[in-house]
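What follows is a single structure, written as structure tokens, with notes after it.
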Amino acid sequence: MIFIAFVSVYLTIRTRFFQVSSFVYILRNTFGRMFDRSSNQSKERITPFQATTTSLAGTVGMGNMAGVATALSIGGPGAIFWMWVLAFFGMITKMAEVTIGVHYRDVDENGHTHGGPMYYINKALGWKSLAVLFSIGVTINCFFSSSLLQAHTVGRAFNASYGISPYLVTGVMAIVTATVAIGGVRRIGRFCEALVPFMTVMYLAGGLVILIANASQLSSVIGEIFRFSLAPAPAVGGFTGAAVLSAIQMGMARGMLSNEAGLGTAPMVHANAETSHPFRQGLWGAAEVFIDTTVVCTITAFIILSSGVLANGNTGIEMLLDAFATYYSPELTNAFISIAILTFCLSTQIGFFVYFETAVVSLFGENVFRYVKWVYFLPGVVFAGIINVDQLWALANISVAASALPNLVALLILSGVFMTLMKDYLSGENRFATASTDASKQYVRMANQ
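The sequence shown begins at -4 in my numbering and counts up by one.
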């Protein structure tokens, strides 16, 4: 976490705080052009917006709901300030890794595009062993964080709310995920393009209604966030209080795991985007962090803090349920949160399949992946009945570290490449408006460009 913060601050300084000076430019050239289509788009590629929604599918999940609630229960209101800090600097980190990922992507003989840290680590640095370590970490993380734990969360939630067997719920979820995922990145992109905006707007709309009702509390909420960022939060009711160090640790951890800036996941999706320049796609990386953390996570935090449920002593999803129940009926709250959990976890499972495919293909090739891809859908069903998943989360965190460290090292070393691409695009020269590089790292132009 410290290394991620260091790399993020370093890149921000090198770009002269681009996320501040060009914030409007970022939004105008991402969401302002999200329905743009290339006239010569490859059949094997997805649009920049589809790449972004697929990447957001992997990040906007339970962490934006239960994760934020847990951060508040342990770190207090001040944790949100540190979550914002890491998101602020993380905008540049994700922009850099997406830009570099698109720049060094590969196109195989079948026209399939592959990219991500394992490709730029191997191609630009020649460190094959580090690239393999990254791919192994991603593969393990996909099994634990996505395939198993996301399905397990949905299964337990519907079992607790409606008495439905978790095996039935996770089985249906596996079928839906497989139906979408085996259609390839184009089908995944189209699915996420429809689901992610819907589920995000639905959740934000439901939350905004509560915030409007609690408008008189918002000024004090903001005050608490800043006041307890550098001062201990006192115990109130069931909330046992929080030290400053806990606020920093929980806030930065939530920011890191929520938007995944620096973890190397986003480049694997964005490498499949049809784009005119690597840096142009990198702008979407910055926009992702803003939406995921600054908007969605912040809404969750404000809902909880303005509702006064932090003092109830609950944590995780139970705390969020308490917050929604202060305005909505218990039945509506239960249904709303159940749908939110289902859509958020389903989208995460589908988004992570792209990471899984990229990692396995880089390790063993496409022929092996054709057979092992079915294994991705099984863990959630097989382990649906287990209750304690703390050890599984610990394993998932280790796998995240195994993949994040190689990526961060590569970002530091390749920061000069990122700056060159950034200046090239912003100057209008577009000398590097290419799709991939060959084995000798020479820039080559795709046949369809």
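Virtual Cβ for every residue (Gly too), placed ideally from N, Cα, C.
According to DSSP, residues forming a beta bridge with residue i
| i | result |
| --- | --- |
| Asp317 | Partner(s): none; Asp317 has no beta bridge. |
| Asp101 | His109 |
| Ile159 | Ile159 is not bridged to any residue. |
| Ile41 | Ala268 |
Residue i, DSSP secondary structure in three states
| i | result |
| --- | --- |
| Met196 | This sequence places Val at residue 196; Met is not what is there. Note: Val196 maps to helix in three-state DSSP. |
| Ala458 | Residue coverage of the chain in this structure runs from -4 to 444, which leaves residue 458 outside it and unanswerable. |
| Ile445 | Nothing can be reported for residue 445: it is not among the residues displayed for the chain, which extend from -4 to 444. |
| Ala296 | helix |
| Ala256 | coil |
| Thr94 | helix |
| Asn117 | helix |
| Thr415 | helix |
| Asn362 | helix |
| Gly303 | coil |
| Arg426 | coil |
| Pro445 | In the structure as shown, the chain starts at -4 and stops at 444, and residue 445 therefore has no counterpart that could be examined. |
| Gly218 | helix |
| Trp79 | helix |
| Asn329 | helix |
| Ser34 | Bear in mind that a pLDDT of 49 at Ser34, under 50, signals an unreliable position, so the number given afterwards is only what the model happens to contain. If DSSP states are grouped into helix, strand and coil, Ser34 belongs with coil. |
| Arg11 | coil |
| Leu373 | coil |
| Gly250 | helix |
| Phe223 | coil |
| Val4 | helix |
| Ile381 | coil |
| Leu337 | helix |
| Met(-4) | coil |
| Gly58 | helix |
Test item: CB-CB of residue i and residue j under 8 angstroms
| i | j | result |
| --- | --- | --- |
| Gly280 | Met414 | no |
| Ile(-1) | Leu403 | yes |
| Ser333 | Ser141 | no |
| Pro374 | Phe138 | yes |
| Gly85 | Gly250 | yes |
| Ile336 | Thr48 | no |
| Asp103 | Gly110 | no |
| Gln45 | Glu255 | no |
| Ser357 | Gly132 | no |
| Gly71 | Phe223 | yes |
| Ile298 | Ala318 | yes |
| Ile41 | Asn362 | no |
| Ile116 | Pro401 | yes |
| Ser68 | Asn209 | no |
| Ala82 | Val284 | yes |
| Ala379 | Pro161 | yes |
| Asp287 | Asn59 | yes |
| Val291 | Thr195 | yes |
| Gly202 | Ile294 | yes |
| Gln145 | Ile87 | no |
| His98 | Val412 | yes |
| Val175 | Arg182 | yes |
| Tyr322 | Ile205 | yes |
| Ala405 | Pro112 | yes |
Residue i classed as buried or exposed, judged by whether at least 16 other C-beta atoms fall within 10 angstroms
| i | result |
| --- | --- |
| Lys118 | buried |
| Pro273 | buried |
| Ser50 | buried |
| Trp77 | buried |
| Glu92 | buried |
| Glu269 | buried |
| Ile177 | exposed |
| Asn136 | buried |
| Val447 | Lying before the first or after the last residue shown, residue 447 is absent from the chain, which here runs from -4 to 444. |
| Ser3 | buried |
| Phe129 | buried |
| Phe221 | exposed |
| Val367 | exposed |
| Asp328 | Reading off the sequence, residue 328 comes out as Thr, not Asp. Thr328 should be labelled buried. |
| Ile8 | exposed |
For residue j and residue i, believed in contact at Cβ under 8 angstroms, the rounded distance
| i | j | result |
| --- | --- | --- |
| Leu341 | Val171 | 7 angstroms |
| Ala296 | Gly73 | Contact flag wrong, Cβ pair sits at about 11 angstroms. |
| Phe339 | Tyr371 | 19 angstroms between Cβ atoms; not a contact. |
| Leu315 | Ala64 | 5 angstroms |
| Val52 | Gly423 | Reading off the sequence, residue 52 comes out as Ala, not Val. In fact, because the Cβ distance is near 33 angstroms, the residues do not count as touching under 8 angstroms. |
| Gly277 | Thr94 | 3 angstroms |
| Ala397 | Met(-4) | Rounded, the Cβ-Cβ distance is 14 angstroms, inconsistent with contact. |
| Ala66 | Gly246 | 6 angstroms |
| Tyr350 | Met417 | Going by Cβ atoms, the distance from Tyr350 to Met417 rounds to 25 angstroms, so no, they are not a contact pair. |
| Thr343 | Gly56 | 4 angstroms |
| Ala399 | Gly257 | 6 angstroms |
| Val355 | Thr134 | 6 angstroms |
| Tyr420 | Arg275 | 6 angstroms |
| Gly27 | His265 | With 8 angstroms as the limit, Gly27 and His265 do not qualify as a contact, their Cβ atoms being about 18 angstroms apart. |
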